[in-house]
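These protein sequences, in sequence, are chains U and S. The opening residue of the first sequence carries number 128 in our numbering; numbering runs sequentially from there. The opening residue of the second sequence carries number 128 in our numbering; numbering runs sequentially from there. What follows is a short report on a single structure.
Number of protein chains: 2
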Amino acid sequence: MSTIPTTPPSGFRDFLPDSCALRSRVIETISRVYRSYGFSPIDTPAAEDLAVLMGKAGGENEKLIFKIMKRGEKLDLSQGASELADMGLRFDLTLPLARYYSRHRGVLPTPFKAFHIGPVWRAERAQKGRYREFIQCDADILGSESNRCEIEVISAVMTVFKELGLAAPAVALNDRRMLFALCDHWHIPEDKRNSIFIAMDKLDKVGAEAVLADIGQLLDGRVPEDLRAFVSSGEADHDFLKKVAPEPMAGLLQIRETLAQTSDSYGPFTISPTLVRGLDYYTGPVFEFRCPGLSGSIGGGGRYDGLTEKFGGQRTPACGLSIGFERLMLVLEEAGAQKASGPDACLTVFSDELWPQTLGLAKRLRGAGLRIDVYPGTGKLKAQFKYADSVKARYALVLGPDEAAAGKVNAKELATGTENLVALDDLPAFLKFKAA
Amino acid sequence: MSTIPTTPPSGFRDFLPDSCALRSRVIETISRVYRSYGFSPIDTPAAEDLAVLMGKAGGENEKLIFKIMKRGEKLDLSQGASELADMGLRFDLTLPLARYYSRHRGVLPTPFKAFHIGPVWRAERAQKGRYREFIQCDADILGSESNRCEIEVISAVMTVFKELGLAAPAVALNDRRMLFALCDHWHIPEDKRNSIFIAMDKLDKVGAEAVLADIGQLLDGRVPEDLRAFVSSGEADHDFLKKVAPEPMAGLLQIRETLAQTSDSYGPFTISPTLVRGLDYYTGPVFEFRCPGLSGSIGGGGRYDGLTEKFGGQRTPACGLSIGFERLMLVLEEAGAQKASGPDACLTVFSDELWPQTLGLAKRLRGAGLRIDVYPGTGKLKAQFKYADSVKARYALVLGPDEAAAGKVNAKELATGTENLVALDDLPAFLKFKAA
């Protein structure tokens, strides 16, 4: 048998301690901000029935699903590939939320403000910066038609960026209904619209030329001149938009204005009439967050008033967004985010005799809220100091027989090499003071 | 097509906001304690190559694995069931850790103290209290042979219980080598030992009678009288154990003594010579945490010095444990753990005109570290108060035209109905004071 691999499957990742600590800290910040906005945490399983994931349509999403094989006697090869799997890993957090809300709405507040942070899985071709397992951070409001929901979820994300010490992202706003109204205005056949939206969704990635070529094919070369200008410029006159789609445009202007009034800066809110935001369940406003220097978006969302109907429940107005956690980590790393630090001190173990006393000291320091590593093993002090360095401890502490007799500890600051003899009673304050 | 289900797959769970918040808080506590002991966070993927999960042995574990089907052209039905899947969901965190350490040891400290908290998946029959997706909270020390590692990981768990406000669990200690030595002493054939251990592992669940019946079958009815007495009582004379297995027994006594010296209470550390701890990779001390009133263990672990060899690397001494998070939640719920509270206040929206001012107030309060829900929508004040109740907010705040003109807010404490007119400037302190 060949050697067992030590690498994760393609597109999956291990996280080293520094990176893992930073990711945890960012997740904690996002949770804290979402909670500060009154969103409640929810959680759903990693796996869902395939019927939930594939919906009534199936199609595009089906290819993205990691399918879980049936087990034991349920596995019947003769039934063909489609009968071999009964569950799949969730590929986003919105579909599970819709199922969750359909099931639990009776015991949930109305409206319901929820946040959901967790991994999702997509069987896409793994490539640089694109993973098959990645984290999404969603915030949603279900049960309200008011565009105050859009404002609330967008504001929460602006605060996340601020709390992470990042510049405010640019926010692009659009409304799916405005796209529909434009199609009416330009007499685009109904059956071509969705394909045109899919083509237009790639505007950022492939540019106007390529999108127009696609649209040209879809419309047999008959692309209205206004549509051509619209796609090329990515813009449209606001007065024109107000005339073609009065209600959606008024809503967008109100969202933009309120955000501008209540956010720290006005600049980043723009109406981008060509914005599509892929997923076809959006029914109203859509929006996207963009960071300077990063192609593509760092998250986005929109209104999806029909999604819970899939589950046989009543139509529920809903609006939500997702922060692309992995892209956010990229931005943070480029902004030079501090890696998490090591323990406050590493306590060396001088001898077997002093081991219980050493543990007692560790207990006392930990009780004072300090992070104290005790050298896990036996070894020369030199090796223990080397270990203290490698775990990035701020101090190495030595409790030898002389120190123990004097009720003191030798504290060596590893960055500077400075040593201090500190009385045991003063040690928590000493380490805390230096930690501040 | 039939209706899409709104329930999760069998053995998988949704978590309502209260439960989810409590779970997050417990995970944060465990992380904080593990970090306070100098353990570093790591993370590994949900999915591993099947070769990693099934190892060289395959066997028992294979049945537990949720297998992920190959995708696209890799899926070839003609190759039979064993060729249809290439990955599986991890069923514990120890095997991924061994792979992780084998891959990354060059950039990790020696010894390496790691903690890992995350879901694992097991295709077991779902039943009350047993789930197919559940969380484990592992702490491990790799690269040290010293039984100080055992003491450190056990101490960390004792601190977790203390920090969660729970009574100290009873800790049962044993050493696999002592079991081997007893088998030698009783002349048990080598090839029967593992099966006998598997039988003995069920002692807690099925009782001595049933275990002895199993052992009787394994040994063709020839069960040594001492073995019979050993299994029946679950005990053995310590002097006898010292004679049969001097080194393991000395180690256990030292672990017990040091724990007793450095922990808050002595009572709960006992040597349980029949303790097996299932998994066959344990090579030395094993231990288990038990809570009064809960059958079975709430976690446990042991030394597994050979596991990294699977991955072609050098033999690495290692020791670790796992807290059974779901069982811990049961104990916490029985102990009446406080469910997480709702937002500090729900800010009602009086009118469209006052909406921006309301948002401005929310921003200010959130900036002061308060959790402020703004009613997400438009509606009568009565409905908004009902909403504030349903999200368990402590206060409902009203900023109407009179209040706005006076620079004040009406703050209604929802539990008592008490109302206060509070100046805007005083509001953060007012809500914080009440929050304390």
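Cβ atoms here follow ideal geometry from the backbone N, Cα and C, with glycine treated the same way.
Mind pulling the chain U residues with CB within less than 7 Å of A212(S)? Reading the second sequence from its first residue, position 85 is the one you call residue 212(S). Per Cβ cutoff of 7 Å: M196.
At least three beta-carbon pairs within less than 8 Å, the stretch 128-138 of chain S to the stretch 174-184 of chain S: no
For T385(U), which residues of its own chain have a beta-carbon under 7 Å away from its beta-carbon, when the five flanking residues on both sides are left out? To locate residue 385(U), count along the first sequence from 1; it is residue 258. The answer, listed in chain order, is I278.
Closest to T389(S) by C-alpha separation, out of A520(S), A283(S), G433(S) and L459(S), would be which residue? For the purposes of this step, residue 389(S) is taken as residue 262 along the second sequence, with counting starting at 1. Of the listed residues, the one whose Cα sits closest to T389(S) is A283(S).
Please decide whether L202(S) counts as near chain A, where near means a Cβ-Cβ distance under 8 Å. In the structure shown, chain A does not exist; the protein chains are U and S.
Comparing the C-beta of C276(U) with each C-beta of chain S, is any distance below 8 Å? Looking up residue 276(U) in the first sequence gives position 149. Chain S, which has a Cβ nearer than 8 Å to the Cβ of C276(U), makes this yes.
Indicate whether C264(S) and I244(S) have their beta-carbon atoms separated by less than 8 Å. Here residue 264(S) is taken as the residue at index 137 of the second sequence, counted from 1. Here residue 244(S) is taken as the residue at index 117 of the second sequence, counted from 1. A contact, by the Cβ cut-off of 8 Å.
Decide yes or no for the touch test of the stretch 226-237 of chain S against the stretch 420-431 of chain S: beta carbon pairs closer than 8 Å, at least 3 of them. no
Measure the Cβ-Cβ separation of F396(S) and R404(S) and say whether it is below 8 Å. Here residue 396(S) refers to the residue found at position 269 of the second sequence. Here residue 404(S) refers to the residue found at position 277 of the second sequence. Cβ atoms of F396(S) and R404(S): not closer than 8 Å.
Could you please give me the residues that DSSP links to Q381(S) through a beta bridge? Residue 381(S) sits at position 254 when you count from the first residue of the second sequence. Answer is none; Q381(S) lacks a bridge partner.
Confirm, please, whether the CB-CB distance from G504(U) to A273(S) is below 8 Å. Residue mapping note: residue 273(S) aligns to position 146 of the second sequence, counting from 1. Residue mapping note: residue 504(U) aligns to position 377 of the first sequence, counting from 1. Looking at the sequence itself, residue 273(S) is Ser, so the reference to Ala does not match. Cβ atoms of S273(S) and G504(U): closer than 8 Å.
Opposing strand residues paired with L524(U) [DSSP bridges]: Stepping through the first sequence from its first residue, residue 524(U) is reached at position 397. The partner list for L524(U) (beta bridge, DSSP) reads L474(U) and A538(U).
Outcome for M128(U) when other beta-carbon atoms lying within 10 angstroms are tallied against a minimum of 16: Counting from 1 along the first sequence, the entry for residue 128(U) is found at position 1. With a pLDDT of 43 at M128(U), under the threshold of 50, the predicted position of this residue should be treated as unreliable, though the coordinate-derived value follows. Exposed, since its Cβ has fewer than 16 Cβ neighbours within 10 Å.
Out of curiosity, what's the CA-to-CA distance linking R198(S) and A250(U)? By 1-based counting over the second sequence, the position of residue 198(S) is 71. By 1-based counting over the first sequence, the position of residue 250(U) is 123. Going by the C-alpha atoms only, they are around 8 Å apart.
Quick one, are the C-beta atoms of P400(U) and A377(U) less than 8 Å apart? Along the first sequence, one-based indexing puts residue 400(U) at 273. Along the first sequence, one-based indexing puts residue 377(U) at 250. Against a cut-off of 8 Å, the Cβ pair of A377(U) and P400(U) comes out as no contact.
Between which residues of its own chain and L457(S) is the CB-CB distance below 8 Å, once the five residues before and five after are set aside? Mapped onto the second sequence, residue 457(S) falls at position 330. The answer, listed in chain order, is G256 and L421.
For the stretch 138-151 of chain S, enumerate the residues whose C-beta is nearer than 7 Å to any C-beta of chain U, in chain order. F139, R140, D141, F142, L143, P144, C147, A148 and S151
Would you be able to state if there are at least three C-beta pairs under 8 Å between the stretch 168-176 of chain S and the stretch 211-219 of chain S? yes
Can you tell me whether T443(U) is buried or exposed, with buried defined as 16 or more other CB within 10 angstroms of its CB? In the first sequence, the residue the question calls residue 443(U) occupies position 316. Answer is buried; the Cβ neighbour count reaches 16.
Taking the alpha carbon of I499(S) as the reference point, which residue from G469(S), R259(S), A335(S) and P528(S) has its own alpha carbon closest? Within the second sequence, the letter at position 372 stands for residue 499(S). Measuring from the Cα of I499(S), the nearest candidate turns out to be G469(S).
Inside the stretch 420-447 of chain U only - beta strand (DSSP E) runs reaching at least 3 residues: With a minimum length of 3 residues, the unbroken runs of beta strand (DSSP E) contained wholly in the stretch 420-447 of chain U fall at 426-430.
Between the CA atoms of P168(S) and R162(S) - distance to the nearest angstrom: The count along the second sequence starts at 1 and reaches residue 162(S) at position 35. The count along the second sequence starts at 1 and reaches residue 168(S) at position 41. If I take the Cα positions, the gap works out to 8 Å.
Helix, strand or coil: how does DSSP classify T134(S) here? Counting from one through the second sequence, the residue named residue 134(S) turns up at place 7. Three-state DSSP puts T134(S) in coil, outside helix and strand.
Expressed to the nearest angstrom, what Euclidean distance is found between the alpha-carbon atoms of K370(U) and V280(U)? Walking along the first sequence from the start, residue 370(U) turns up at place 243. Walking along the first sequence from the start, residue 280(U) turns up at place 153. Roughly 28 Å between the two C-alpha positions.
Can you list, in chain order, the stretches of the beta strand (DSSP E) that have 3 or more residues and sit fully within the stretch 244-308 of chain U? 260-269 and 297-302
Given this structure, state the Cα-to-Cα distance separating G439(U) from R259(S), to the nearest angstrom. To locate residue 439(U), count along the first sequence from 1; it is residue 312. To locate residue 259(S), count along the second sequence from 1; it is residue 132. So the two alpha carbons sit approximately 27 Å from each other.
Can you pull the chain S neighbours of G439(U), defined as C-beta to C-beta under 8 Å? The residue given as residue 439(U) occupies position 312 in the first sequence. Chain S residues near G439(U): T130, I131 and T133.
Interface residues of chain U facing G256(S) [CB-CB closer than 8 Å]: Sequence index remark: in the second sequence, residue 256(S) carries index 129 (1-based). Within 8 Å Cβ-Cβ: nothing; G256(S) doesn't reach chain U, min ~17 Å.
What three-state label does DSSP hand D145(S) in the structure shown? As a working mapping, residue 145(S) is identified with position 18 in the second sequence. Helix.
So if DSSP puts E175(U) in a beta bridge, which residue, or which two residues, is it bridged to? Stepping through the first sequence from its first residue, residue 175(U) is reached at position 48. Paired residue(s): G215(U).
On the criterion of 16 or more Cβ atoms from any shown chain inside 10 Å, does N321(S) qualify as buried, or is it exposed? The residue labelled residue 321(S) in the question sits at position 194 within the second sequence. N321(S) comes out exposed.
Under 8 Å between C-beta atoms, does Q511(S) make it to chain U? Counting from 1 along the second sequence, the entry for residue 511(S) is found at position 384. No, Q511(S) does not count as interfacial toward chain U.
If we ignore side chains and look at the alpha-carbon of each, how far apart do V350(S) and A299(S) end up? Your numbering for residue 350(S) matches position 223 in the second sequence. Your numbering for residue 299(S) matches position 172 in the second sequence. Cα to Cα, V350(S) sits roughly 25 Å from A299(S).
List, in chain order, every chain S residue whose beta-carbon is nearer than 7 Å to that of V153(U). Residue mapping note: residue 153(U) aligns to position 26 of the first sequence, counting from 1. The premise fails here: V153(U) is roughly 13 Å from chain S at the closest Cβ pair, so nothing lies under 7 Å.
How would you write the range of the beta strand (DSSP E) that R417(U) sits in, first residue to last? Here residue 417(U) refers to the residue found at position 290 of the first sequence. Taken as a continuous stretch (DSSP letters only), the beta strand (DSSP E) holding R417(U) covers P412 to R417.
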